[in-house]
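Report on one structure; see the data block that follows.
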Amino acid sequence: MEEEMNAIKENGTWELVEPPPSCRPISLKWVYKVKRDERGEVVRHKARLVARGFVQREGVDFNEVFAPVARMESVRLLLALAATRGWNIHHMDVKSALLNGDLKEEVYVKQPPSYVVNGQEHWVLRLRKALYGLRQAPRAWNQKLDSVLKEMGFTRCESEHALYTRWAEHRQLVVGVYVDDLVITGASKKEIKAFKAQMKKTFRMSDLGLHTYYLGIEVEQREDVITLCQSSYARKLLEQSGMGECRPNKTPMEEKLKLSKDSKAGKVDATNYRSIVGGLRYLVHTRPDLAFAVGYMSRFMVEPRKDHQTTVQHILRYIVGMINCGLVYPKRSGEKADLIGHSDNDMGGDIDGRRSTSGMLFFPRWAEYVAAAAACCQAVWLRRLLWEVTGEEPRAPVLRVDNNSAIELAKNSVLHDQSKHIDIRFHYIRECIAAGQVVLGHVKTTQQLADILTKALGQKRLAQLMVKIGVEELIHGGQERTQGLGEEY
Numbered sequence: 001m002e003e004e005m006n007a008i009k010e011n012g013t014w015e016l017v018e019p020p021p022s023c024r025p026i027s028l029k030w031v032y033k034v035k036r037d038e039r040g041e042v043v044r045h046k047a048r049l050v051a052r053g054f055v056q057r058e059g060v061d062f063n064e065v066f067a068p069v070a071r072m073e074s075v076r077l078l079l080a081l082a083a084t085r086g087w088n089i090h091h092m093d094v095k096s097a098l099l100n101g102d103l104k105e106e107v108y109v110k111q112p113p114s115y116v117v118n119g120q121e122h123w124v125l126r127l128r129k130a131l132y133g134l135r136q137a138p139r140a141w142n143q144k145l146d147s148v149l150k151e152m153g154f155t156r157c158e159s160e161h162a163l164y165t166r167w168a169e170h171r172q173l174v175v176g177v178y179v180d181d182l183v184i185t186g187a188s189k190k191e192i193k194a195f196k197a198q199m200k201k202t203f204r205m206s207d208l209g210l211h212t213y214y215l216g217i218e219v220e221q222r223e224d225v226i227t228l229c230q231s232s233y234a235r236k237l238l239e240q241s242g243m244g245e246c247r248p249n250k251t252p253m254e255e256k257l258k259l260s261k262d263s264k265a266g267k268v269d270a271t272n273y274r275s276i277v278g279g280l281r282y283l284v285h286t287r288p289d290l291a292f293a294v295g296y297m298s299r300f301m302v303e304p305r306k307d308h309q310t311t312v313q314h315i316l317r318y319i320v321g322m323i324n325c326g327l328v329y330p331k332r333s334g335e336k337a338d339l340i341g342h343s344d345n346d347m348g349g350d351i352d353g354r355r356s357t358s359g360m361l362f363f364p365r366w367a368e369y370v371a372a373a374a375a376c377c378q379a380v381w382l383r384r385l386l387w388e389v390t391g392e393e394p395r396a397p398v399l400r401v402d403n404n405s406a407i408e409l410a411k412n413s414v415l416h417d418q419s420k421h422i423d424i425r426f427h428y429i430r431e432c433i434a435a436g437q438v439v440l441g442h443v444k445t446t447q448q449l450a451d452i453l454t455k456a457l458g459q460k461r462l463a464q465l466m467v468k469i470g471v472e473e474l475i476h477g478g479q480e481r482t483q484g485l486g487e488e489y
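Using the UniProt record's numbering, read the sequence shown as starting at 1 and increasing by one per residue.
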């Protein structure tokens with residue numbers, strides 16, 4: 001608590017004043033937390049002074065609140081780029097980050113518990129800078145950091161407002177921002193060191209060295225590869241669900257299993273079900289082999305039944321046996337950063353609404369076309385982001401689809417009974433192909449990597465696709481690992 005109060009005073013966060021007429025000060029409270037590392041060991045005991053921002057009134061003591069946060073796919077793209085180019089990734093943390101945000105509104109708070117000034121108990125604190133818990137605090141901090149980075153010569157990516165790049169002597173420095181965490185990578189160790197020194201002069205910073213742990217994701221950097229894993233998070237999830245010692249399964253979901261919202265099985269605790277499935281959804285960030293099963297079980301959040309819960313337990317049993325799996329990004333020196341995409345669709349997989357896994361219902365022949373259009377939007381965005389980050393124009397992404405009819409419809413403006421009802425927004429893919437932004441190619445169904453995202457697979461097929469998309473059993477300590485992406489991909 002003393003450390004937090006000292007940081008607030010050094011920062012000039014507030015001033016003690018007599019309460020003005022009609023002042024409604026916001027109360028404060030102390031929040032305590034034990035911070036742990038990826039091994040579960042205590043790193044520090046933390047006290048945070050938090051404002052009860054839920055009593056704030058829009059237009060009175062706050063206006064805008066939105067602050068951008070990096071998408072997880074942007075974080076993965078940054079780590080994959082660093083692995084490809086053999087760059088080291090560093091990690092810094094801003095201490096009491098939200099206290100640095102400058103407030104534009106006039107906000108008053110009560111004096112903090114245990115720190116009320118004797119003789120001035122009725123006085124209030126007028127905030128100059130933000131406090132944790134205020135509705136506008138994240139936005140104020142983001143604006144402050146944005147202005148500081150731009151003063152240092154960085155340019156914010158238009159495709160991802162949480163990524164910044166800077167060029168010096170043809171050497172690139174890239175910074176990814178997630179609230180108060182900075183992920184730093186680039187070609188020059190000298191530039192990284194200089195940037196760290198600049199940040200330490202501006203903010204109170206913790207230099208965490210090489211990137212090892214980020215948002216619950218364990219990162220291991222080796223000479224030939226960077227790996228992402230959430231084994232510690234997975235163990236915690238298993239422990240919370242009481243499934244840590246259970247017998248493992250070999251697949252996340254039974255092949256061809258169909259469940260319904262209209263199940264007649266008994267009801268289960270909906271809060272517990274939602275908590276487990278929510279936890280599994282975060283695990284999907286490094287485990288695409290779980291994506292379909294977890295997405296499928298997310299359909300039953302409103303009124304889960306025993307058969308739904310049994311299937312969630314099946315997923316947890318699979319995790320028990322594959323707890324150390326994660327994403328592998330190998331080094332590929334000399335290769336230009338380009339994109340290849342796979343698009344697939346499981347038409348009518350939802351037995352309740354006859355919808356596809358993307359949640360949309362279309363004519364059976366053209367469902368693949370709609371999935372390809374959605375993948376095209378993602379491919380164009382990723383290409384644009386990659387271009388901004390690297391400064392090099394990537395080749396047009398290759399989008400591989402296992403449906404020839406969908407490819408023909410995308411390349412030719414045909415119109416007949418089976419395609420006339422397709423919404424015009426899905427024809428965006430034609431414009432991208434014509435402009436050379438995307439290349440559409442056919443892939444055999446047996447080589448369609450996106451199968452793992454659209455349906456429950458058998459053990460053999462699942463194992464084949466996991467290797468091909470770069471999900472492997474990770475062995476730490478520099479030991480040999482299995483081969484990842486094949487040359488044909």
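No residue lacks a Cβ here, since even glycine has one placed at the ideal position from N, Cα and C.
query: Can you tell me whether residue 89 is helix, strand or coil according to DSSP?; result: strand
query: Using a beta-carbon distance below 8 Å, is residue 192 in contact with chain C?; result: Given the protein chain composition of this structure (a single chain), no chain C is represented.
query: On a Cα-Cα basis, can you pick out the residue from 145, 447, 113, 304 that is closest to residue 28?; result: 113
query: Does the region 122 to 134 come close enough to the region 37 to 54 that 3 or more CB-CB pairs lie under 8 Å?; result: yes
query: Per DSSP, which one or two residues make a beta bridge with residue 330?; result: 225
query: In this structure, what does DSSP give as the bridge partners for residue 267?; result: 305
query: Measuring straight from C-alpha to C-alpha, what distance separates residue 43 and residue 184?; result: 22 Å
query: When you compare only the Cα positions, how much space is there between residue 97 and residue 155?; result: 21 Å
query: Roughly how many angstroms lie between the CA atoms of residue 46 and residue 101, to the nearest whole one?; result: 20 Å
query: Is the region 293 to 302 touching the region 311 to 322 in the sense that three or more CB pairs, one from each, lie closer than 8 Å?; result: yes
query: Per DSSP, residue 233 is paired with what?; result: According to DSSP, which records beta bridges pairwise, residue 233 is partnered with nothing at all.
query: In terms of residues, what are the limits of the beta strand (DSSP E) holding residue 32?; result: 28 to 36
query: I need the boundaries of the alpha helix (DSSP H) containing residue 205, first residue and last residue.; result: No alpha helix (DSSP H) holds residue 205; the beta strand (DSSP E) holding it covers 205 to 210.
query: Please state whether the Cβ-Cβ distance between residue 501 and residue 471 is less than 8 Å.; result: Coverage of the chain is limited to positions 1 through 489, which leaves residue 501 absent and any answer about it impossible.
query: Residue 280 to residue 164, Cα distance in whole Å?; result: 30 Å
query: Drop a sphere of 10 angstroms on the beta-carbon of residue 492, count the other beta-carbons inside from all chains shown, and report buried for 16 or more, exposed for fewer.; result: The structure shown does not extend to residue 492, since the chain spans only 1 to 489, so no value can be given for it.
query: For residue 382, which three-state DSSP category applies?; result: helix
query: Counting C-beta neighbours from all protein chains within 10 Å, is the total for residue 32 16 or more, i.e. buried, or is it exposed?; result: exposed
query: Can you give the Cα-Cα distance for residue 210 and residue 72, rounded to whole angstroms?; result: 19 Å
query: Between the alpha carbons of residue 189 and residue 228, how many angstroms are there, rounded?; result: 22 Å
query: Between 119, 3, 186, which has its C-alpha nearest residue 88's C-alpha?; result: 186
query: For residue 242 and residue 76, I'd like the C-alpha separation in whole angstroms.; result: 31 Å
query: Sorted by chain position, which residues of the same chain lie with C-beta nearer than 6 Å to residue 67's C-beta, five sequence neighbours on each side aside?; result: 138, 139, 142
query: Run through the DSSP bridge pairs and tell me what residue 182 is partnered with.; result: 92, 177
query: Does residue 466 pass the burial test, meaning 16 or more other C-beta atoms within 10 Å, or should it be called exposed?; result: buried
query: How many angstroms separate the CA atom of residue 512 from the CA atom of residue 249?; result: This structure leaves residue 512 out entirely; the chain is present only between 1 and 489.
query: If you draw a straight line from the C-alpha of residue 285 to the C-alpha of residue 315, how long is it?; result: 16 Å
query: Residue 7 and residue 99 - do their beta-carbons sit closer together than 8 Å?; result: yes
query: I believe residue 231 touches residue 39 by the beta-carbon criterion, under 8 Å. Please report the beta-carbon distance rounded to the nearest angstrom.; result: 10 Å between Cβ atoms; not a contact.
query: When burial is assigned at 16 or more other CB atoms within 10 Å of the CB, is residue 264 buried or exposed?; result: exposed
query: Beta strand (DSSP E) containing residue 46: first to last residue?; result: 42 to 51
query: For residue 213, which beta-bridge partners are listed by DSSP?; result: 218
query: What residue range does the alpha helix (DSSP H) around residue 463 cover?; result: 459 to 468
query: Does DSSP put residue 169 in a helix, a strand or coil?; result: coil
query: So residue 226 and residue 435 are in contact, right, with Cβ under 8 Å, and what is the actual spacing, rounded?; result: So it is not a contact: roughly 33 Å between Cβ atoms.
query: Tell me whether residue 392 is buried or exposed, calling it buried when 16 or more other Cβ atoms sit within 10 Å of its Cβ.; result: exposed
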